[in-house]
Amino acid sequence: MTTRYLWTLERDGQSTRSGLDTVEEIISIIVAEDVPGAMPADWLVSFMRIDADQDGSAAHESPLGWTLRLQQMAA
Numbered sequence: 008m009t010t011r012y013l014w015t016l017e018r019d020g021q022s023t024r025s026g027l028d029t030v031e032e033i034i035s036i037i038v039a040e041d042v043p044g045a046m047p048a049d050w051l052v053s054f055m056r057i058d059a060d061q062d063g064s065a066a067h068e069s070p071l072g073w074t075l076r077l078q079q080m081a082a
């Protein structure tokens with residue numbers, strides 16, 4: 008079974024984006040959105056997965072005006 012994550016990308020002055028995707032798809036979206044000041048997208052998602060709470064959720068709030076939230080939905 009494929010693990011998918013419910014994700015939300017909030018940015019100051021822009022519409023919120025969200026979806027239900029695999030890690031690879033989320034990485035592609037972060038790259039395409041050109042989020043300011045983000046570490047490489049694959050690192051960001053990997054660190055968030057490592058730091059996830061017991062319920063599989065994680066959030067990264069940037070001082071540059073954006074927030075990415077992940078919630079593991081299926082394994």
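Using this note's numbering, the first residue of the sequence shown is number 8, and each one after it goes up by one. Glycine included, C-beta positions come from ideal geometry on N, C-alpha and C.
Roughly how many angstroms separate the alpha carbons of Ser-53 and Asp-19, rounded to a whole number?
24 Å
Do you know offhand how far Ile-33's Cα is from Ala-65's?
14 Å
For the beta strand (DSSP E) that contains Asp-62, what are its first and last residues?
Careful: Asp-62 lies outside any beta strand (DSSP E) and carries neither H nor E.
Pick helix, strand or coil for Asp-41, following the three-state DSSP scheme.
coil
Buried or exposed (CB count within 10 angstroms, at least 16 for buried), Leu-27
exposed
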